[in-house]
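Counting along the sequence shown from 1, when you hit position 697 you're at 697 in full-length UniProt numbering, and nothing is skipped either side.
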Amino acid sequence: MTLVLQAGETITRETFWRIGPIGKALFYFLAFLAIAILLYGVYDRFAGYLRGTDDAVARLDDLPERVASAVKIVLSNEKQFNRDLYGGLMHAFIMWGFLTLLIGTTILMIDMDGYQLVTGLLGESQSFFIGDFYLSYSLVMDALGLLFVVGLGMAIYRRYGVRNERLWDRHTSLEDGAFVWTLFLLGVGGYLVEGVRILATGFPDFETVSFVGWFVALVFQGAGVSQEFATTVYPAAWWSHSLLALGFVAAVPYAKPFHMLSSFANVVTRDEKSGVRLPRVPADEAPDEIGYTEVEDMSWKQMLDQDACTKCGRCSSVCPAKASGRPLDPRNVILDLKKYRESVDAGGETKEIVADGGASVIDSRTMESCMSCMACMDACPVDIEHVPQFTEMNRRLTEMGEMDDNVQETMMDVFQQGNSFGEPERKRPDWVEELEFDVPDARDGPVEYLWYVGDYPSYDERNRRIARSMATIFEHAGVDYGILYEDEQNDGNDVRRVGEEGLYEMLAEDNAAAFDDCEFETLVCTDPHSYNTFKNEYPELEGVEWNSDGEIDVHHYTQVVQELADTGALDLSGTELDYTVTYHDPCHLGRMNDEFEAPRDLVRRTGADLHEMPRNRANSFCCGGGGGGLWMDFDEEPKPSEERLREALEDTDAGNEIEKFVVACPMCMTMYEDGRKTGDFEDRIEIVGLSELLAEALEADTAAGATGTGVDAAPADD
């Protein structure tokens, strides 16, 4: 091919210019070797997952649909943009640039090693790497390559300039920096080689389309680099860039670049309900085998999770346990498990995966710190399933008798009395005694709504006001409802999340039997924890007859009340509560079950002025009570509940004008009432249940209506 082109000559460039036949043969040999090392390494890594146990969830069903969904997620970078615009743009530039360069290299290979060879065998060798195609190719490669370099520059600045805190911790290694710098040198090196070539070939006019390379060539020329010198050094520049690229290809399966493959595979095999419902314990698993006992107990997906981690620290940055000083960093747990697995695979010493004390891979206190809020999983851009792995370790601690003392005592209360307070079952319905009306018994006849009240609204004095307010709303709306009275048992959601799988199954069987003995249309829950486990976990529990029809329509009370308001059964049109409030999204209602709008709609219908905290909806900050946190004592500063109340008063646009902190979860109520005292917020803000706010609005509306009727009916004073 002609290099210095004259008018009428072909618009193209020679790939192996000044490399020579021997150099070309050497390059092909090294390229073949690099690709062989890559393929073997990828095979070996994925074959290693076959040593893991079967996963309890079907992850390869509807594979074409899964792959298509994963491609959309990855190409759009939607998870990277979540809460981090800078990080999203950075990753998008790097990924789109890298893929473009990869595709461009593949196109060049197809032309040289495919199209030209085939056409040569059929007659005269031809190339499609000419003319308009070459110009379009060069423009796209230069433009997207520039984005690639810019994205890597952003990454280097964030890592070394700003020193973003979540990128630096005990698992940070030279490999992390080497990965970024290698890509950066590949991107910049490509432009340097292109600039040298353009200068050496005398600035062909058509090469202006390669605008970055053209600019680099002009810089070289301005710096005094001659065409002859550029021609001389070009082979060295070409080889240095090529060897770095081939070395990177060969290293992909053995270092951090492997996440480019493992992360995509992880997104493909993700479980949309992971963490929302926990994996079952196999029926044939012996007690001494429950949970993680050794590396072989890890499922292939859990191993893939560990390899997919990019150390980005997004999970760590949103973890309320870490923020409050508890000994938990979600990223470090995943990476500690990975490091131990790799050590054992290499013939290293084995030890307990989780135990009380410092001799295990993960300390028991670390796992007990998890609030099961799923903030880590929601923030993870590669769909690592932290909570199920944490639960496996909590189950192991339970079987080993190393559960937190307070939690152990609570579990005994639940086992003996059916509730977490250790109170007699006969006292469960005592909260109804202060009402001026009777609460129907769902066991006596058919009802439209079976209302599952829950432990805290039944036994906790503060939360009993939540239950009474809820009953008042139902009564006001004239709906057909009933409760189970003393036949109600603890729902088992948090029992399961602290690792007591056997007790959870017992509770599920008892509750499911109680539900099946009643005739109703909709199950209504006061507590989002109950709502989550009834909706997502009970139906999948083997051996539990959920109900005669095989399913139950489960709703949180905010969803039901919103529907009552929409249909006119509950008239909130005239309510005007003059409060400035903020609303806290419970983890089990919002992040886990995507219900964000019903509670907000109801708050607005009361007439209250609603202001959002910066962390809201899926980004809500856990109260600290989930995952058994309500029953444990931690030396933490600040408590999650204290930090959240501070956020309400200092970080909302209404600031100190916030009067009421609205919650829709009884556990949140307990945690925030405690945080109000320990954080010295008692005189600054009031914690109020949404049902209480609604009941107050209805009472105010009724009172206003009665007053208005009285005035209109009074005789005129002549």
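No residue lacks a Cβ here, since even glycine has one placed at the ideal position from N, Cα and C.
Just to confirm, does residue i get its C-beta within under 7 Å of one of the non-hydrogen atoms of the ligand GDP?
{"i": "residue 199", "result": "Among the components modelled here there is no ligand, and therefore nothing to report on the ligand GDP."}
Tell me where the beta strand (DSSP E) around residue i begins and ends.
{"i": "residue 661", "result": "660-663"}
{"i": "residue 606", "result": "Run containing residue 606: none; DSSP gives neither H nor E here."}
{"i": "residue 567", "result": "Residue 567 -> not in any beta strand (DSSP E); alpha helix (DSSP H) instead, spanning 557-567."}
{"i": "residue 520", "result": "520-525"}
{"i": "residue 580", "result": "580-583"}
Since residue i and residue j should fall inside the 8 Å C-beta cutoff, what is the C-beta to C-beta distance between them, to a whole number of angstroms?
{"i": "residue 669", "j": "residue 663", "result": "5 Å"}
{"i": "residue 291", "j": "residue 395", "result": "4 Å"}
{"i": "residue 411", "j": "residue 278", "result": "That belief does not hold up - the Cβ atoms of residue 411 and residue 278 are roughly 16 Å apart, past 8 Å."}
{"i": "residue 359", "j": "residue 315", "result": "Actually they are not in contact, since the Cβ atoms of residue 359 and residue 315 sit about 26 Å apart, beyond 8 Å."}
{"i": "residue 266", "j": "residue 383", "result": "6 Å"}
{"i": "residue 526", "j": "residue 466", "result": "7 Å"}
{"i": "residue 569", "j": "residue 442", "result": "About 19 Å separates the two Cβ atoms, so there is no contact after all."}
{"i": "residue 678", "j": "residue 639", "result": "6 Å"}
{"i": "residue 674", "j": "residue 641", "result": "6 Å"}
{"i": "residue 667", "j": "residue 625", "result": "4 Å"}
{"i": "residue 142", "j": "residue 210", "result": "5 Å"}
{"i": "residue 66", "j": "residue 252", "result": "Contact doesn't hold; Cβ gap of about 23 Å is too wide."}
{"i": "residue 385", "j": "residue 271", "result": "7 Å"}
{"i": "residue 487", "j": "residue 514", "result": "5 Å"}
So, for residue i: in the same chain, excluding its five sequence neighbours on each side, which residues have a beta-carbon less than 7 Å away from its beta-carbon?
{"i": "residue 481", "result": "440, 447, 448, 449, 451, 474"}
{"i": "residue 387", "result": "275, 372, 374, 377"}
{"i": "residue 709", "result": "Interpretation of residue 709 is limited by its pLDDT of 37, a score under 50 that renders its predicted location unreliable; the figure taken from the coordinates is listed afterwards. Closer than 7 Å at Cβ, skipping near neighbours: no residue."}
{"i": "residue 254", "result": "41"}
{"i": "residue 392", "result": "291, 292"}
{"i": "residue 241", "result": "189, 190, 193"}
{"i": "residue 321", "result": "328, 369, 370, 371"}
{"i": "residue 336", "result": "361, 362"}
Excluding the 5 residues flanking residue i on each side, which residues of the same chain have their C-beta closer than 8 Å to its C-beta?
{"i": "residue 685", "result": "645, 648, 649, 658, 659, 660, 661, 676"}
{"i": "residue 577", "result": "606, 607, 608, 693, 696, 697, 700"}
{"i": "residue 20", "result": "none"}
{"i": "residue 553", "result": "521, 522, 523"}
{"i": "residue 281", "result": "290, 395, 501"}
{"i": "residue 600", "result": "583, 610"}
{"i": "residue 462", "result": "669, 670, 673"}
{"i": "residue 507", "result": "414, 418, 489, 490, 491, 492, 495"}
Output needed for residue i: all residues of its chain with C-beta closer than 6 Å, excluding positions within five of it in sequence on either side, in chain order.
{"i": "residue 634", "result": "326"}
{"i": "residue 580", "result": "609, 654, 657, 658, 659"}
{"i": "residue 15", "result": "none"}
{"i": "residue 55", "result": "299, 301"}
Kindly indicate the opening and closing residues of the alpha helix (DSSP H) around residue i.
{"i": "residue 533", "result": "528-536"}
{"i": "residue 143", "result": "131-156"}
{"i": "residue 345", "result": "330-345"}
{"i": "residue 631", "result": "That residue, residue 631, is in no alpha helix (DSSP H); it is neither H nor E in DSSP."}
{"i": "residue 40", "result": "20-49"}
{"i": "residue 88", "result": "85-110"}
{"i": "residue 65", "result": "63-76"}
{"i": "residue 117", "result": "116-122"}
{"i": "residue 317", "result": "314-318"}
Hey, does residue i have any beta-carbon neighbour from chain D nearer than 8 Å?
{"i": "residue 192", "result": "Annotation note: the requested chain D is absent from the structure, which comprises a single protein chain."}
- [ ] Specify whether the region 301-314 and the region 350-361 touch according to this definition: at least 3 beta carbon pairs, one from each stretch, less than 8 Å apart.
- [x] Short answer: they don't touch.
Task: Inside the region 354-439 only - alpha helix (DSSP H) runs reaching at least 4 residues - done: With a minimum length of 4 residues, the continuous alpha helix (DSSP H) runs that stay inside the region 354-439 are 364-368, 375-379, 386-399, 405-417.
Task: Minimum length 3: unbroken beta strand (DSSP E) runs contained in the region 441-518 - done: Taking only runs of at least 3 residues, the beta strand (DSSP E) segments lying wholly in the region 441-518 are 447-452.
Open item on the list: Just to confirm the assignment: which complete alpha helix (DSSP H) runs, minimum length 4, are found wholly within the region 259-311?
Closed with: Qualifying alpha helix (DSSP H) stretches, in chain order: 259-268, 300-308.
Task: Segments of 4+ residues assigned as alpha helix (DSSP H) that fall wholly inside the region 162-230 - done: Runs found: 174-200, 211-222.
Open item on the list: In chain order, what are the residue ranges of uninterrupted alpha helix (DSSP H) at least 4 long that sit wholly in the region 636-694?
Closed with: Counting only runs of 4+ residues, the alpha helix (DSSP H) found wholly inside the region 636-694 occupies 640-650, 666-678, in chain order.
TODO: Examine the Cβ distances between the region 104-122 and the region 169-188 and report whether three or more of them are shorter than 8 Å.
DONE: Result no; under three Cβ-Cβ pairs closer than 8 Å.
Task: Segment contact flag, the region 591-599 with the region 527-539, C-beta cutoff 8 Å, min 3 pairs - done: The region 591-599 is in contact with the region 527-539.
Open item on the list: Taking contact to mean 3 or more Cβ pairs, one atom from each stretch, closer than 8 Å, check whether the region 90-101 and the region 146-154 are in contact.
Closed with: In short, these stretches touch, since the Cβ pair count reaches three.
Task: Touch test, the region 213-229 against the region 181-200, Cβ-Cβ under 8 Å, three pairs minimum - done: By the criterion of at least three beta-carbon pairs nearer than 8 Å, the region 213-229 is in contact with the region 181-200.
Task: Cβ contact check for the region 25-45 and the region 239-250: 3 or more pairs under 8 Å - done: In short, these stretches touch, since the Cβ pair count reaches three.
Open item on the list: Can you confirm whether the region 118-133 touches the region 64-78 when touching is taken to mean that 3 or more C-beta pairs between the two stretches lie within less than 8 Å?
Closed with: Short answer: they don't touch.
Task: Validate contact between the region 168-175 and the region 320-340 using beta carbons, cut 8 Å, 3 pairs - done: By the Cβ test, the region 168-175 is in contact with the region 320-340, since at least three Cβ pairs between them sit closer than 8 Å.
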